[in-house]
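Residue numbers (this note's numbering): 14 to 195. Glycine included, each C-beta is placed from N, C-alpha and C at the ideal position. If you're wondering where the values come from, they're calculated on a predicted model, not measured in any experiment. For reference, the structure discussed in these notes is given below.
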Ligand SMILES: Cc1cc2nc3c(=O)[nH]c(=O)nc-3n(C[C@H](O)[C@H](O)[C@H](O)COP(=O)(O)O)c2cc1C
């Protein structure tokens, strides 16, 4: 197979999540692909453009939420990534709920929610990467399998190139190729 050099823009896949923060006392959400896990401790990162409305709320309160929408909510997810809370009130698009351990709104309609306390910030060009310790986690009961969120029930949306994709099949089990101890 011949390799061809291509344009150096990351292709994905990423999953679409809604980052939430409290701005002027109201919930605000921005769709992001720049989200991920950073260690085996319950720590996540999100990367937000400095000019976003959501960013101001994370800086002000020191907390953010990560909400994993089901692909059935793709229109609302896309909308939150298209218009800014700096111009439009997005506080009523979803129903919000809170946990007393930190001031960031979470989304009832999203099957999985993480409330994170900012423990480090890394400036990156005109973005800020917020590293957050998960201080509370929620999941919709009907998306659980043996007490843990099940991917095919949560139905996350995968971002690639300029498209949204859903998950169809489980193709293997993690660590299934390891036999015996290392
Ligand atoms: C699919 C998708 C992925 C996005 N990923 C990011 C991202 O990773 N980081 C970011 O800062 N903005 C990202 N955006 C753009 C913001 O969601 C968008 O500018 C939004 O209007 C910001 O809202 P706010 O100003 O209310 O915070 C993404 C938008 C879409 C549609």
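Using 7 Å as the cut-off, classify the Cβ of residue 98 as near or not near the heavy atoms of ligand 1, replying yes or no. yes
Between the Cα of residue 140 and those of 51, 15, 61, spot the shortest distance and give me the residue it belongs to. 61
Quick check: is any heavy atom of ligand 1 less than 7 Å from the C-beta of residue 41? yes
In this structure, does DSSP put residue 112 in helix, strand or coil? strand
For residue 64 and residue 26, what's the separation of their Cα atoms in angstroms? 25 Å
Is residue 89 helix, strand or coil by DSSP? helix
State buried or exposed for residue 34, treating a residue as buried only when at least 16 other CB atoms are found within 10 Å of its CB. buried
Between which two residues does the beta strand (DSSP E) containing residue 62 stretch? 56-62
What whole-angstrom Cβ distance do residue 157 and residue 80 have, given they're in contact under 8 Å? No, residue 157 and residue 80 are not in contact; Cβ-Cβ is about 17 Å, not under 8 Å.
How many whole angstroms separate the CB atoms of residue 66 and residue 99, which I take to be in contact at a CB cut-off of 8 Å? 5 Å
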